[in-house]
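In the working numbering, the protein residues as written are 1 to 584. Where is the CB? At the ideal position from N, CA and C, for every residue including glycine. Given the structure is predicted, the values throughout are model-derived calculations rather than measurements. Worksheet for the structure shown next.
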């Protein structure tokens, strides 16, 4: 735990802050976040395959669990940000969060080591592991992002777009390493038979745990020397030690929420929770105990209701019109980000299942593990992050840089384009054709360009617009939009229609799966039992009243959602620019 009152200024820090260079503290946070992302993305690459193959969970349920897990990982930053701002400070929150995530990954290692002996206990350990990781992420995620913004005084805020792009490159270097090493160790198939070793997942989870230990120890050792202001004061210490020097001139130093505001916020949350619950599962009560229904009917409504209710609470503490309008910009942009992440986060569920079951993954004679296909995103971010940062810098120098909301509209348009291309290429695959891996590579390339337009710029926007007294809480608000996007991603990922492997399994049972889906045949008792054991669908999924018959229709859902969101955000960007009141 850190309780440093002050540090001696380092002359090198003052030299480095001149010109366009960034403080050394950025690179400490860069490294810490890199190892945390190794841990998170390495686990993410394996999680759904582990659930389906080792814990025998259905693909649709795995997608729902995956979406709910990721959603909660980006909801708990609200709690972690609040606790850090009010009580323990950013530094201690990062150390607590890193330690919890390392423990959670080790629990996944235990689950993956014990499922063959006791499947029920292994599932319980998995749930405990995910629970611990969720809260660890809640402490870690908003506070390290908040510290990046705090490294730059008011006169250097123009560097934040570049700083967050560099920080985002650290995220994706970690993601690249995690998505290579963890699948290499944990997603193993016999070269001759193609049969997966379901006992290997544990080594991937162990590697993720070790990475988180490295990141946490690195931050603990280097934080006092480098994570400081230009004057040498520690950033992110205990809130009780903050002075006026830690805030902008004239800015209130403490977030104040009245009892009336808290009460009204609670009432709004309860009403919205049950409204969303009814929309998602068709009931106000809690009658269903099926896993997918529990997640969709409790976690998802909680996330959606919390995001809207929190808007009222934060706005009740805003001090003037300018501050209110800037906060509204954060909320409006966060709403549109939901659609981006709902499409982007198919990588860990539906796209992984497609890579596993209906993709030719051969690259120069080597058959890439399906969980490793996600690695192309990390590769492309590492290659493109600096060029994107330089591009924004040059456009800014010429006065032609797009306003942040317009950049995010560009990101949404690009992800819509990526799914349009992949939809066109799966249109004629049929039930047995294989998608060439080059098309998934192209999808990840385009999505990476969209990601670099949207996600780091979004973090930067919060850093520029958020009042410092609840900066971490507003970073949490930004992440709750990610949570809502991941919740939607889970629901949409569960819509994936039957892939080629399902038709082959049905053929082995002696049934034409297409006839079952088209309701041309009725299964007898033995066939129905065989379908249940093989986890085969009995009907096509539906979305908004429309039946999803094939992968083309599945991918077009994302084209429509992201395309419409991109157009609307682009049209309202001039209005949002005015509401930002001079913040570029």
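Give me the Cβ distance between residue 174 and residue 186, rounded to the nearest whole Å; I'm assuming they're in contact under 8 Å.
In the chain shown, the residue the question calls residue 174 occupies position 174. In the chain shown, the residue the question calls residue 186 occupies position 186. Not a contact, Cβ separation roughly 17 Å.
Are residue 338 and residue 68 close, meaning C-beta to C-beta below 7 Å?
As a working note, residue 338 is residue 338 in the chain shown. As a working note, residue 68 is residue 68 in the chain shown. No. Outside cutoff.
Out of 419, 410, 383, 330, which has the shortest C-alpha to C-alpha gap to residue 461?
The sequence position of residue 461 within the chain shown is 461, counting from 1. Looking at the Cα atoms, 330 is the closest of the given residues.
Reduced DSSP category for residue 461 - H, G, I as helix; E, B as strand; rest coil
The residue labelled residue 461 in the question sits at position 461 within the chain shown. Correct three-state label for residue 461: helix.
Pairwise C-alpha distance: residue 496 and residue 518
On the chain shown, residue 518 is found 518 positions in, with the first residue counted as 1. On the chain shown, residue 496 is found 496 positions in, with the first residue counted as 1. Approximately 16 Å, taken between the alpha carbons.
Residue 162: first and last residue of the uninterrupted alpha helix (DSSP H) it sits in
Position 162 of the chain shown, counting from 1, holds the residue named residue 162. Residues 160-186.
Measure how close the beta-carbons of residue 340 and residue 422 come, nearest whole angstrom, since I'm counting them as under 8 Å.
By one-based count along the chain shown, residue 340 stands at place 340. By one-based count along the chain shown, residue 422 stands at place 422. Wrong, their Cβ atoms sit about 16 Å apart, outside the cutoff.
For residue 226 and residue 21, what's the separation of their Cα atoms in angstroms?
As a first step, residue 226 must be located in the chain shown, where it is residue number 226. As a first step, residue 21 must be located in the chain shown, where it is residue number 21. Roughly 15 Å between the two C-alpha positions.
Pull up the distance between the alpha-carbon of residue 369 and that of residue 180, whole angstroms please.
Residue 369 sits at position 369 when you count from the first residue of the chain shown. Residue 180 sits at position 180 when you count from the first residue of the chain shown. Taking the Cα positions, residue 369 is about 10 Å away from residue 180.
So for residue 383, helix, strand or coil by DSSP?
Taking the chain shown and counting its residues from 1, the one referred to as residue 383 is at position 383. Note: residue 383 maps to helix in three-state DSSP.
For residue 172, tell me which candidate among 455, 552, 511 has the shortest Cα-Cα distance.
Position 172 of the chain shown holds residue 172. Comparing Cα-Cα distances from residue 172 to each of 455, 552, 511, the minimum goes to 455.
Which of the three DSSP states, helix, strand or coil, is assigned to residue 544?
For the purposes of this step, residue 544 is taken as the residue at position 544 of the chain shown. Assignment of residue 544 by DSSP, reduced to helix, strand and coil, places it in the coil class.
Leaving out five residues before and five after residue 388 in sequence, what residues of the same chain have Cβ atoms less than 7 Å from its Cβ?
Mapped onto the chain shown, residue 388 falls at position 388. Cβ within range, chain order: 165, 452.
Taking the C-alpha atoms as reference points, what is the distance between residue 493 and residue 231?
Translated into positions along the chain shown, residue 493 becomes position 493. Translated into positions along the chain shown, residue 231 becomes position 231. Rounded to whole angstroms, the gap between the alpha carbons of residue 493 and residue 231 is 49 Å.
Rounded to the nearest angstrom, what separates residue 382 and residue 350 at their Cα positions?
Taking the chain shown and counting its residues from 1, one reaches residue 382 at position 382. Taking the chain shown and counting its residues from 1, one reaches residue 350 at position 350. Computed Cα separation, rounded: 24 Å.
What residues in its chain sit with their C-beta under 6 Å from that of residue 563, if we drop five residues either side in the sequence?
Taking the first residue of the chain shown as position 1, residue 563 is located at position 563. Exclusion of the five residues before and after residue 563 leaves 416 as the residues of its chain whose Cβ lies within less than 6 Å of its Cβ.
Of all the options 177, 543, 364, which has the alpha carbon lying nearest to the alpha carbon of residue 379?
By 1-based counting over the chain shown, the position of residue 379 is 379. Selected option, being the one with the closest Cα: 177.
Given a cut-off of 7 Å, decide if residue 94 and residue 134 are closer than it, judged by their beta-carbon atoms.
Here residue 134 corresponds to residue number 134 of the chain shown, with the count starting at 1. Here residue 94 corresponds to residue number 94 of the chain shown, with the count starting at 1. Between residue 134 and residue 94, the CB-CB gap reaches or exceeds 7 Å.
Nearest-angstrom Cβ-Cβ length linking residue 112 and residue 30, presumed shorter than 8 Å
On the chain shown, position 112 is the one that residue 112 refers to. On the chain shown, position 30 is the one that residue 30 refers to. 30 Å between Cβ atoms; not a contact.
Once the 5 residues before and after residue 266 are set aside, which same chain residues still bring their CB inside 8 Å of it?
Residue mapping note: residue 266 aligns to position 266 of the chain shown, counting from 1. Cβ within range, chain order: 309.
Between residue 521 and the rest of its own chain, which residues show a CB-CB distance below 6 Å, the 5 nearest in sequence each way excluded?
Against the chain shown, residue 521 aligns to sequence position 521. Only 515 meet the Cβ criterion.
Unbroken alpha helix (DSSP H) run spanning residue 109, endpoints:
Locating residue 109 in the chain shown gives position 109, counting from the first residue. Run containing residue 109: 89-114, per the alpha helix (DSSP H) assignment.
Grab me the residues of residue 406's own chain with a C-beta within less than 6 Å of its C-beta, minus the 5 sequence neighbours each way, in chain order.
In the chain shown, residue 406 corresponds to position 406, counting from 1. In its chain, beyond the 5 residues on either side, 573 have a beta carbon closer than 6 Å to the beta carbon of residue 406.
Are the beta-carbon atoms belonging to residue 334 and residue 504 less than 7 Å from one another?
As a first step, residue 334 must be located in the chain shown, where it is residue number 334. As a first step, residue 504 must be located in the chain shown, where it is residue number 504. Not in contact: residue 334 and residue 504 (Cβ atoms no closer than 7 Å).
Any idea if residue 59 is buried or exposed, counting beta-carbon neighbours within 10 angstroms, 16 or more meaning buried?
In the chain shown, counting from the first residue as 1, residue 59 sits at position 59. The C-beta of residue 59 has 16 or more other C-beta atoms within 10 Å across all chains shown, which makes the residue buried.
C-beta contact flag for residue 108 and residue 371 at 7 Å
On the chain shown, residue 108 is found 108 positions in, with the first residue counted as 1. On the chain shown, residue 371 is found 371 positions in, with the first residue counted as 1. Residue 108 is not a Cβ neighbour of residue 371, given a cutoff of 7 Å.
Selected residue, minimal CA-CA separation from residue 32, among 48, 148, 123, 427:
Locating residue 32 in the chain shown gives position 32, counting from the first residue. Of the candidates 48, 148, 123, 427, the one whose C-alpha sits nearest the C-alpha of residue 32 is 148.
Taking contact to mean at least 3 C-beta pairs separated by less than 8 Å, is the region 391-404 in contact with the region 522-529?
Not touching, per the Cβ criterion.
Buried or exposed by the 16-neighbour rule on C-beta atoms within 10 Å, applied to residue 52
Translated into positions along the chain shown, residue 52 becomes position 52. Answer is buried; the Cβ neighbour count reaches 16.
What three-state label does DSSP hand residue 435 in the structure shown?
Here residue 435 corresponds to residue number 435 of the chain shown, with the count starting at 1. Of the three classes helix, strand and coil, the one that applies to residue 435 here is strand, per DSSP.
Let me check one thing: in DSSP terms, what residues is residue 362 bridge-paired to?
Taking the first residue of the chain shown as 1, we reach residue 362 at position 362. Per the DSSP secondary-structure output, residue 362 pairs in a beta bridge with 367.
Can you confirm whether the region 97-106 touches the region 214-226 when touching is taken to mean that 3 or more C-beta pairs between the two stretches lie within less than 8 Å?
With the cut-off at 8 Å, the region 214-226 and the region 97-106 touch.
Euclidean distance between Cα positions of residue 547 and residue 64
Walking along the chain shown from the start, residue 547 turns up at place 547. Walking along the chain shown from the start, residue 64 turns up at place 64. Taken atom to atom, the span from the alpha-carbon of residue 547 to that of residue 64 is near 19 Å.
7 Å Cβ cutoff met for residue 312 and residue 268:
Taking the chain shown and counting its residues from 1, one reaches residue 312 at position 312. Taking the chain shown and counting its residues from 1, one reaches residue 268 at position 268. Contact flag set, yes.
For residue 566, collect the residues of the same chain with a Cβ closer than 7 Å to its Cβ; drop the 5 residues on either side in sequence, then sort them by chain order.
Looking up residue 566 in the chain shown gives position 566. 409, 412, 413, 416.
When burial is assigned at 16 or more other CB atoms within 10 Å of the CB, is residue 346 buried or exposed?
Residue numbering aside, residue 346 sits at position 346 when the chain shown is read from its first letter. Looking at its Cβ environment, which holds 16 or more other Cβ atoms inside 10 Å, residue 346 is buried.
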